[in-house]
Amino acid sequence: MYLVELMSAYLRMMSSDSIPERQRRSIPWILWAIWKNRNLILYADTQESLIFHIQQAFEETRLWNDVNLRQEPVDNLGLNGEKKRWEAPFFGVVKCNLHSNWRNDKLHCGVAYIIRNHQGNVLHHARDAITSSPNGLTPELRCLIWTLRSMKDLGYTEIMIGSDFKDVGEAVKRPNDLPLFGIFLREIQELCLMFQSVVFETKSILSNQIAREIARSVLCDSRFNSYLALGGPVWLHQRILREASSNCS
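The opening position of the sequence shown corresponds to residue 1 in UniProt numbering, with each subsequent residue numbered one higher.
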């Protein structure tokens, strides 16, 4: 009886204006994901990350809405299906967008990350300069290692990593395909094990614009001093507010 009441309470939340619409619409799929995970535990003696199931539920919700409601404009998707606008993570998870501004194998490279919660509020952001790299993937992997170390030190446990460099997620999933980058990928895998859950998400350039702007400022404005700060950079305040407000509609 308690389970039925609990599910009914969650379904009633779908009409609550205090919850972002995207999350309200996902409630039935999230409940279904929890049920499937429960069956895996009971009958298959296995368990997948609940965060993975929830993110999958969000994606299934979006696909259902695209087909049945037609509320999301077509141009909100990139060429490879990536979101053009930034989307907030699920409650209890933080999303970290990162970027490395690589130009060539001679120059230093600017790296940056920005961490936001389910309401789009910026928790931390950081910027640094790293030495030159022979290709574009190397600084992105170095940026990811730097970011994961920092997020661990800051005490985050359930995280999403958003990058518009699509090869990063593929490299982490299949490290044996890229032996040249093995030393970086092994360290990334070891760092990921230190979190309760890590989800990698490929973003479009537009949805990763804040992290790109911070990383770009290293070379464009000669800002080579590294820093870690609470909240977001003042000069990007209005853009951050717009991205946060777009997730509350």
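For glycine and all other residues, C-beta sits at the position ideal for the given N, C-alpha and C.
Since the structure is predicted, the reported quantities are computational estimates derived from the model, not experimental observations.
Report the residue from the options whose alpha carbon sits nearest the alpha carbon of residue i.
| i | options | result |
| --- | --- | --- |
| R116 | I54, H108, H125, L236 | H125 |
| F58 | L31, L42, P134 | L31 |
| S132 | T138, W146, L154, L107 | L107 |
| K36 | I54, S26, P20, I19 | I54 |
| I114 | S15, P179, S163 | S163 |
| S204 | L42, R85, A9, A229 | R85 |
| S217 | I19, D17, S100, R24 | S100 |
According to DSSP, simplified to helix, strand and coil, what is residue i?
| i | result |
| --- | --- |
| F200 | strand |
| L241 | helix |
| residue 268 | Nothing can be reported for residue 268: it is not among the residues displayed for the chain, which extend from 1 to 249. |
| W86 | coil |
| D17 | coil |
| residue 250 | Residue 250 is absent from the model: the chain starts at 1 and stops at 249. |
| D221 | coil |
| R38 | helix |
| R174 | coil |
Determine which residues share a DSSP beta bridge with residue i and list them.
| i | result |
| --- | --- |
| D128 | V111 |
| M160 | K95, V199 |
| residue 253 | There is simply no residue 253 to check, as the chain begins at 1 and stops at 249 in what is shown. |
| A229 | H125 |
For residue i and residue j, I'd like the C-alpha separation in whole angstroms.
| i | j | result |
| --- | --- | --- |
| M160 | T147 | 12 Å |
| T61 | L185 | 32 Å |
| G182 | F200 | 18 Å |
| F91 | R22 | 12 Å |
| D167 | L137 | 7 Å |
| F195 | E158 | 6 Å |
| Q119 | D221 | 30 Å |
| A129 | V198 | 25 Å |
| A211 | R239 | 12 Å |
| A244 | M151 | 21 Å |
| Y227 | I145 | 16 Å |
| L206 | Y43 | 43 Å |
| C192 | W29 | 27 Å |
Verify whether the separation of the beta carbon atoms of residue i and residue j is less than 8 Å.
| i | j | result |
| --- | --- | --- |
| Y156 | V111 | no |
| G231 | T202 | no |
| R142 | I214 | no |
| P134 | D177 | no |
| I27 | M14 | yes |
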